[in-house]
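Note that the protein sequences, when read in sequence, are chains B and H.
Using this note's numbering, you'd call the opening residue of the first sequence number 1 and step up by one each time.
Using this note's numbering, you'd call the opening residue of the second sequence number 1001 and step up by one each time.
We put the CB at the ideal spot given by N, CA and C, even for glycine.
Predicted model only: the values in this text are computed from it and were never measured.
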Amino acid sequence: MRQDIFPLQQGGRKRRSQWLAFGVFGLMSYSIVFILFAILGFIIYKGIGVVSWEFLTTAPADGMTGGGVWPAIVGTFYLMAGSALFAFPVGVMSGIYMNEYAPKGWLVRFIRMMTNNLGGIPSVVFGLFGMALFVKYLGFGDSILSGSLTLGLLCVPLVIRTTEESLKAIPDSFREGSRALGATKLQTIWHVVLPMGMPNVITGLILALGRVSGETAPILFTCAAYFLPRLPRSVLDQCMALPYHLYVVSTSGTDMDSQLPLAYGTALVLILIVLVVNLSAHALRRYFSNKVKTN
Amino acid sequence: MRRVCEKIVEGILTCSGFVTSVAVLLIVVFLFAEAMGLFNKKVVEEGYVLAVNKANPVRRLSALQIKEVFDGEITNWKELGGPDVGVTVFRLEDITAYFSEEELGDEYERAPRCVSRVVAGHPGIIAFVPARFVEKDFPGRLLDDECVSFGEVFAGKEWFPTATPAPLFGFLPLVAGTLWVGFFAILFALPFGLSVAVYMSEVAGRRTRGFLKPVIELLSGIPSVVYGFFGLIVVVPLLQRVFGLPVGETGLAGSVVLAVMALPTMITVAEDAMRNCPRAMREASLALGATRWQTIYKVVIPYSVSGIASGVVLGVGRAIGETMAVLMVTGNAAVIPSTLLEPLRTIPATIAAELGEAPSGGVHYEALFLLGVVLFFITMLINLGVEYISSKTGRSK
């Protein structure tokens, strides 16, 4: 057996096969980097000429062949804010329960399994569910409210997971110290555990927001409008959204030549939002981790 | 007082702890509630009937037969177990070919009479008419009104949700399309995903890793609709040119785009699993004279194989559930795929493309919800599989 695992070979041959394997792995890894930069580069290159102040601040015009994306940007931000309002409290509280209160054992395993399951459900199924529950059963209609709730539900598992993980990373000695000083369990969580876990929780929340900003399938049937000349006035109005707008502009329509630049521009704006959200999450994480260290 | 407050807060926290379980339950309930009506619906469009001549012994037709009859593929009753008479298809629009406007009356008030005469007069007729045009003493015979059957849906090979008089809801082409694209996506992604995972966890130094990690996070952050757009503008024309295809929107394009989309999940999970391999095991292997590469494929990979497997399975789940990108690049032809170079259609893409047009509460609408149920259970199975795999490692440690 030992002979088999470590055959007595010439060192040169061993080294050569290692060199080959590592070379292939490195090549594969950098080809993924290449794919990312190809996608980003292509969209930035094609879209940069389209995006202007006017493109960002005007509504689509001439049957989707001119104008800008302002209502779609606004709609996307409404949806992000709405889903955040729903998902963050619920997700963070659920994470706190899982890590601090729930008795370890089958119950936690069950809840975690359900959370993972919810996280693995395809986004289009969320769309169906949102349509059945929020749009039809609860009677919210196609509205920002329905869309935000659907999107919020979609990112709850992500929020729970990050909350749970960041709370788990806090050593028990902090909790014990607080309890020993006479604080109740809730006071311990509020004054000790949460402040320490906050940086990571917030980073997770921001990443969840990034995911929400790009989702299309859940809002197809719950909220998104093909075209609205004015901005939504209440949460029961429909709204436009960037991802759906990109889908519409790039797949349906008659005048592809004049639509394509708009599609590039929309894709660029969408990617920029996602990039900014992701990078700010990273920056935040770095900032907080430095802060904790210097204290 | 403080005690009470604390109890209340604890209660709220406990409730929110169960929010995901409740959500999963609600999803199941609502999807089923909307979908199950399908099997109570009649095959023939609501408010319409199919009538034949009294002499015709055929009593029932399946949805597929009805479609073939009305598409002109079946032209003789013999094929349906009837007499050797040619099939005459009659829709209400055709009535003007048989009768003048005078005979029909200004508001079609005499149309029921005319329908009766047509049905009575032609032995090989099959008439598709509104139920209100059927008189009390109708001289023909109405075909048995059947409900959509389980077998026709799950074993049906044709998906024609808007065909009249009888829409066909065969799930097979969609299920096959989904699995087909998912399978090839994983096939393409597997070598890349595993190599990158190994490279990041075992080979790359701190700085390289610090560069690759955000790249992969960004790759998973790009919205699916942007992948779809990129696929549509770049990948589809490229494949079309390379393979000389009539249309570039094929299963291959879908698989390629999905492979890129499934990569981040696969890499992250597999890499985590490999990094969890204890340092002592690696060091023992190296101390025995193995090279780093030998250590990797004889020690690290076997140790973390279940983690790698979960990563791959999660990637499959992501690929199967992906909607927008697939919708945009696969061409959406509902046929059972035989090669990768033809258009095909997946379950999520079908739902996304058709739900907007399906009238709420109708047969089509319910069939789409049933597709949602199928998709839900496929992904549920995948998730439970991952759960099972990772629980096994937990025990063996």
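To the nearest angstrom, how far is it from the Cα of H/Asp1071 to the Cα of H/Glu1322? Within the second sequence, the letter at position 71 stands for residue 1071 of chain H. Within the second sequence, the letter at position 322 stands for residue 1322 of chain H. Distance between the alpha carbons of H/Asp1071 and H/Glu1322: 34 Å.
Per-residue DSSP class, three states only, for H/Tyr1048: Locating residue 1048 of chain H in the second sequence gives position 48, where the first residue counts as 1. Secondary structure of H/Tyr1048 (DSSP, three-state): strand.
Within 7 Å of any Cβ in chain B, is that where the Cβ of H/Tyr1098 sits? The count along the second sequence starts at 1 and reaches residue 1098 of chain H at position 98. Chain B contact via Cβ: absent.
Just to confirm before moving on: does the CB-CB distance between H/Ser1390 and H/Ser1285 stay below 7 Å? If you number the second sequence from 1, residue 1390 of chain H lands on position 390. If you number the second sequence from 1, residue 1285 of chain H lands on position 285. H/Ser1285 sits away from H/Ser1390, with the two beta carbons spaced by 7 Å or more.
Can H/Cys1114 and H/Phe1099 be called in contact, C-beta distance under 7 Å? The residue labelled residue 1114 of chain H in the question sits at position 114 within the second sequence. The residue labelled residue 1099 of chain H in the question sits at position 99 within the second sequence. Their beta carbons are under 7 Å apart, which means H/Cys1114 touches H/Phe1099 by this criterion.
From H/Met1324 to B/Pro218, what does the alpha carbon distance come to, in whole angstroms? Position 324 of the second sequence, counted from the first residue, corresponds to residue 1324 of chain H. Position 218 of the first sequence, counted from the first residue, corresponds to residue 218 of chain B. One C-alpha to the other measures close to 10 Å.
First and last residue of the uninterrupted beta strand (DSSP E) at H/Phe1128: Walking along the second sequence from the start, residue 1128 of chain H turns up at place 128. Annotation for H/Phe1128: the continuous beta strand (DSSP E) segment containing it runs 1125-1130.
Roughly how many angstroms separate the alpha carbons of B/Leu167 and B/Tyr97, rounded to a whole number? The sequence position of residue 167 of chain B within the first sequence is 167, counting from 1. The sequence position of residue 97 of chain B within the first sequence is 97, counting from 1. Taking the straight line joining both Cα atoms gives about 11 Å.
So which residues on chain H does B/His282 lean against when the C-beta distance must stay under 9 Å? Within the first sequence, residue 282 of chain B is the residue found at index 282, counting from 1. Correct list: Pro1214, Glu1217.
Would you tell me roughly how many angstroms separate the C-alpha atoms of H/Ile1382 and H/Val1313, rounded to the nearest one? For the purposes of this step, residue 1382 of chain H is identified with residue 382 of the second sequence, where counting begins at 1. For the purposes of this step, residue 1313 of chain H is identified with residue 313 of the second sequence, where counting begins at 1. Distance from the CA of H/Ile1382 to the CA of H/Val1313, rounded to the nearest whole angstrom, comes to 7 Å.
Can you check which of these residues, B/Ile39, B/Ser17, B/Leu20, B/Thr251, is closest to H/Leu1215 by C-alpha distance? By 1-based counting over the second sequence, the position of residue 1215 of chain H is 215. With the sequence shown as reference, residue 1215 of chain H is identified as Val, and Leu is not the correct amino acid for it. Here the closest residue by C-alpha is B/Ile39.
May I ask which residues mark the beginning and end of the alpha helix (DSSP H) holding H/Val1305? Here residue 1305 of chain H refers to the residue found at position 305 when the second sequence is read from its first residue. Residues 1305-1321.
Could you tell me which residues DSSP pairs with H/Asn1040 in its beta bridges? On the second sequence, position 40 is the one that residue 1040 of chain H refers to. Note: H/Asn1040 sits in no beta bridge, so no partner.
What are the boundary residues of the beta strand (DSSP E) that H/Val1089 is part of? Locating residue 1089 of chain H in the second sequence gives position 89, counting from the first residue. Where H/Val1089 is concerned, the enclosing beta strand (DSSP E) stretches over 1088-1091.
Excluding the 5 residues flanking H/Ala1352 on each side, which residues of the same chain have their C-beta closer than 6 Å to its C-beta? Here residue 1352 of chain H is taken as the residue at index 352 of the second sequence, counted from 1. Correct list, in chain order: Thr1323, Leu1327.
According to DSSP, what are the bridge partners of H/Leu1142? Sequence index remark: in the second sequence, residue 1142 of chain H carries index 142 (1-based). Paired residues: H/Ala1051.
Proximal residues to H/Val1049 (C-beta, below 7 Å), its chain only, five neighbours per side dropped: Locating residue 1049 of chain H in the second sequence gives position 49, counting from the first residue. Close CB contacts of H/Val1049 within its chain, under the 7 Å cut and outside five residues either way in sequence, are with Val1129, Ala1131, Val1134, Leu1142 (chain order).
Taking the alpha-carbon positions, what's the B/Asp255 to B/Gly130 distance? Here residue 255 of chain B refers to the residue found at position 255 when the first sequence is read from its first residue. Here residue 130 of chain B refers to the residue found at position 130 when the first sequence is read from its first residue. Here the C-alpha atom of B/Asp255 lies approximately 33 Å from the C-alpha atom of B/Gly130.
Who are the near neighbours of B/Leu158 in its chain, counting only those whose CB is closer than 6 Å to its CB and skipping five residues on each side? Reading the first sequence from its first residue, position 158 is the one you call residue 158 of chain B. Excluding the 5 residues flanking it on each side, B/Leu158 has same chain C-beta neighbours closer than 6 Å at Ala208, in chain order.
How many angstroms separate the CA atom of B/Met93 from the CA atom of B/Phe174? Taking the first sequence and counting its residues from 1, one reaches residue 93 of chain B at position 93. Taking the first sequence and counting its residues from 1, one reaches residue 174 of chain B at position 174. Linking B/Met93 to B/Phe174 through their CA atoms gives a straight-line distance of about 20 Å.
Considering H/Glu1068, what are the terminal residues of the alpha helix (DSSP H) in which it resides? As a first step, residue 1068 of chain H must be located in the second sequence, where it is residue number 68. Note, H/Glu1068: alpha helix (DSSP H), 1063-1070.
Give the single residue among H/Asp1094, H/Gly1011, H/Val1058, H/Ile1095 whose Cα lies nearest to the Cα of H/Glu1079. In the second sequence, counting from the first residue as 1, residue 1079 of chain H sits at position 79. Of H/Asp1094, H/Gly1011, H/Val1058, H/Ile1095, the residue nearest in Cα terms is H/Val1058.
Is it the case that the Cβ atoms of H/Thr1250 and H/Glu1342 are separated by a distance below 7 Å? Taking the first residue of the second sequence as 1, we reach residue 1250 of chain H at position 250. Taking the first residue of the second sequence as 1, we reach residue 1342 of chain H at position 342. By the CB criterion at 7 Å, H/Thr1250 and H/Glu1342 fall inside the cutoff.
Below-7 Å beta-carbon distance, B/Pro261 vs any chain H residue: Start at 1 with the first residue of the first sequence, and residue 261 of chain B comes out as number 261. Judged by the 7 Å Cβ criterion, B/Pro261 is not in contact with chain H.
Against chain B: residues of the stretch 1018-1038 of chain H by CB proximity under 8 Å: Listed by position, the residues of the stretch 1018-1038 of chain H near chain B (Cβ gap below 8 Å) are Phe1018, Val1019, Thr1020, Ser1021, Ala1023, Val1024, Leu1026, Ile1027, Phe1030, Leu1031, Ala1033, Glu1034.
Would the stretch 1007-1019 of chain H and the stretch 73-85 of chain B be scored as touching if the rule is three or more Cβ pairs under 8 Å? They do not touch, by the three-pair rule.
Examine chain H for any beta-carbon lying closer than 7 Å to the beta-carbon of B/Asn278, and answer yes or no. One-based indexing of the first sequence puts residue 278 of chain B at position 278. It does; some Cβ of chain H falls within 7 Å.
Apply the 10 Å Cβ neighbour rule to H/Glu1034 and answer buried if 16 or more other Cβ atoms are within range, or exposed otherwise. Locating residue 1034 of chain H in the second sequence gives position 34, where the first residue counts as 1. Residue burial annotation: H/Glu1034 is buried, with at least 16 other C-beta atoms found within 10 angstroms of its C-beta.
Would you tell me roughly how many angstroms separate the C-alpha atoms of H/Ala1185 and H/Gly1315, rounded to the nearest one? Numbered from 1 along the second sequence, position 185 holds the residue referred to as residue 1185 of chain H. Numbered from 1 along the second sequence, position 315 holds the residue referred to as residue 1315 of chain H. Going by the C-alpha atoms only, they are around 9 Å apart.
In terms of DSSP beta bridges, what is B/Gly68 paired with? Numbered from 1 along the first sequence, position 68 holds the residue referred to as residue 68 of chain B. Paired residues: none, contrary to the question.
Is the beta carbon of H/Leu1375 closer than 7 Å to that of B/Val156? Within the first sequence, the letter at position 156 stands for residue 156 of chain B. Within the second sequence, the letter at position 375 stands for residue 1375 of chain H. Going by beta carbons, B/Val156 and H/Leu1375 fall outside the 7 Å limit.
Nearest-angstrom Cα distance between B/Val277 and H/Phe1030? Numbered from its first residue, the first sequence carries residue 277 of chain B at position 277. Numbered from its first residue, the second sequence carries residue 1030 of chain H at position 30. Taking the straight line from one Cα to the other gives about 33 Å.
Simplified DSSP assignment, three categories, for H/Cys1277: As a working note, residue 1277 of chain H is residue 277 in the second sequence. Three-state result, H/Cys1277: coil.
Just to confirm the assignment, what range does the alpha helix (DSSP H) spanning B/Thr347 have? This structure cannot speak to residue 347 of chain B, because chain B is shown only from 1 to 295.
So, does the CB of H/Val1198 fall closer than 7 Å to a CB anywhere in chain B? Here residue 1198 of chain H is taken as the residue at index 198 of the second sequence, counted from 1. Output row for H/Val1198: interface = yes.
Where do the N-terminal and C-terminal ends of the alpha helix (DSSP H) with H/Ala1185 fall, by residue? Within the second sequence, numbered from 1, the residue matching residue 1185 of chain H stands at position 185. Start and end: 1172-1198.
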